[in-house]
Amino acid sequence: MVDQKIFKTAKTYGFDSVYFDECSMELLGKYIAYVRPLLTPTCDYVLVNRNGKQFHKLSNLLSVLVFEAIDKYIHPTRYRQIIETESAHVLLPNEQKWISEDQKHSSNVARVHYQKKRSREVAMRGRECMQKLIERSNSSQTEEEKQQQSSSVVQHTNPNPNVNVVQHTPIISPQKLPKRRRGGRFTCEEDNYIRLGIAQFGFRWSMILRHPEYNFNACRVANTLRKRAEALKLV
């Protein structure tokens with residue numbers, strides 16, 4: 001019995017084997033002898049997987065056998081619950097975990113559960129690693145600052161006149177920076193310039209803005225001309 005959806009080595013080796021006991025081999029032998037010849041296409045081998053007509057046929061036969069034995073239908077989920085309940089009274093905790101994973105390894109719910117659990121572990125480890133990186137970056141930054149301070153002190157106290165002293169440019173505070181001139185509203189003359197420019201150059205806003213005959217405000221840019229043309233419904 002093979003399952004190529006679960007194992008990671010399926011791409012390398014094609015298939016991985018799943019454990020078969022004597023009872024399963026006997027049941028599969030009877031399936032090959034009596035059921036398989038009735039299916040198409042006929043071949044000398046049998047492949048039982050989780051997606052296919054052969055697997056569904058085998059599952060239907062097993063459900064009929066179970067119904068004849070206990071007069072009840074057992075869903076695979078209920079079957080896993082029975083195994084887990086029984087394992088809680090017989091097996092050790094580690095063995096219970098193993099058999100639970102073995103019973104749920106193909107369940108979509110289990111995949112999401114394992115993925116969430118793994119994501120929590122990864123998030124915790126990632127946070128620890130990020131904390132280490134931040135501490136290391138802070139320590140390296142303080143070392144660089146100390147080196148810069150020591151080098152600046154050496155440069156200022158160096159008596160050798162041949163050595164060029166590094167002059168630090170003063171930092172201009174934001175309050176002393178020149179404020180950008182704010183554009184007021186467009187005048188009627190500027191609107192007329194936009195209309196004439198569109199008629200002459202089309203939607204080439206930079207050419208309209210740089211035309212010597214059009215005296216736009218100094219704060220105008222090509223994007224503002226485009227927006228004004230959209231407001232005037234010229235575009």
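Read the sequence shown against the UniProt record's numbering and you will find it ends at 235, with the numbers running on by one and no gaps. Note that CB positions come from ideal geometry on N, CA and C, so glycine has one too.
Start and end residues, alpha helix (DSSP H) containing T224: Looking up residue 224 in the sequence shown gives position 224. That run of the alpha helix (DSSP H) goes A222 to A231.
N-terminal and C-terminal residue of the alpha helix (DSSP H) that C188 is part of: Numbered from 1 along the sequence shown, position 188 holds the residue referred to as residue 188. Where C188 is concerned, the enclosing alpha helix (DSSP H) stretches over C188 to F201.
Let me know the secondary structure DSSP gives E213 once reduced to three states. Numbered from its first residue, the sequence shown carries residue 213 at position 213. Note: E213 maps to coil in three-state DSSP.
Can you look up V235 in the DSSP assignment and give me helix, strand or coil? Numbered from 1 along the sequence shown, position 235 holds the residue referred to as residue 235. Three-state result, V235: coil.
Return the chain-ordered list of same chain residues with a C-beta closer than 7 Å to the C-beta of residue 236, the five sequence neighbours on each side being excluded. Only positions 1 to 235 of the chain appear in this structure, which leaves residue 236 out of reach.
Going by C-alpha distance, which of I134, F186 and G202 is nearest A231? Position 231 of the sequence shown holds residue 231. With respect to the C-alpha of A231, the residue from I134, F186 and G202 having the closest C-alpha is F186.
Please classify G29 as buried or exposed, where buried requires at least 16 neighbouring CB atoms within 10 angstroms. For this step, residue 29 is matched to residue 29 along the sequence shown. G29 should be labelled exposed.
Do you know how far the Cα of K233 is from the Cα of P212? Along the sequence shown, read from residue 1 onward, the residue named residue 212 stands at position 212. Along the sequence shown, read from residue 1 onward, the residue named residue 233 stands at position 233. Rounded to whole angstroms, P212 to K233 spans 25 Å at the Cα level.
Within 10 Å of its beta-carbon, does L177 have 16 or more other beta-carbons around it, so buried, or fewer, so exposed? For the purposes of this step, residue 177 is identified with residue 177 of the sequence shown, where counting begins at 1. Confidence in L177 is poor, its pLDDT being 46 and thus under 50, which makes the residue's placement too unreliable to answer from.
In three-state DSSP terms, what is K57? On the sequence shown, position 57 is the one that residue 57 refers to. Residue state for K57 is assigned as helix, using DSSP reduced to three classes.
Distance, G197 Cα to F203 Cα: Reading the sequence shown from its first residue, position 203 is the one you call residue 203. Reading the sequence shown from its first residue, position 197 is the one you call residue 197. Inter-residue distance for F203 and G197 is about 8 Å (C-alpha atoms, whole angstroms).
A69 to M124 span [Cα, whole Å]: On the sequence shown, residue 69 is found 69 positions in, with the first residue counted as 1. On the sequence shown, residue 124 is found 124 positions in, with the first residue counted as 1. When rounded, the distance between both Cα atoms is 50 Å.
Proximity below 8 Å, CB of N217 to CB of E190: Residue mapping note: residue 217 aligns to position 217 of the sequence shown, counting from 1. Residue mapping note: residue 190 aligns to position 190 of the sequence shown, counting from 1. Closer than 8 Å, so yes.
Measure the C-alpha to C-alpha separation of Q149 and E128 and round it to an integer number of angstroms. For the purposes of this step, residue 149 is taken as the residue at position 149 of the sequence shown. For the purposes of this step, residue 128 is taken as the residue at position 128 of the sequence shown. Between Q149 and E128, the C-alpha separation is close to 32 Å.
Helix, strand or coil for R36 per DSSP? To locate residue 36, count along the sequence shown from 1; it is residue 36. Residue state, collapsed to three classes: helix.
What span of residues does the alpha helix (DSSP H) with C23 cover, start to end? As a working mapping, residue 23 is identified with position 23 in the sequence shown. That run of the alpha helix (DSSP H) goes E22 to K30.
Can you have a look at A229 and say buried or exposed, based on whether 16 or more other CB atoms are within 10 angstroms of its CB? One-based indexing of the sequence shown puts residue 229 at position 229. Around the Cβ of A229, a 10 Å sphere holds 16 or more other Cβ atoms; the residue is buried.
So, are the CB atoms of F201 and I208 less than 8 Å apart? Taking the first residue of the sequence shown as position 1, residue 201 is located at position 201. Taking the first residue of the sequence shown as position 1, residue 208 is located at position 208. It is a contact, given that the beta carbons lie within the stated cut-off.
Nonlocal neighbours in the same chain, by C-beta distance under 6 Å from S140, ignoring five residues either side: As a position in the sequence shown, residue 140 is number 140, starting the count at 1. Around S140, the same chain offers no residue with a beta carbon nearer than 6 Å, after the five sequence neighbours per side are excluded.
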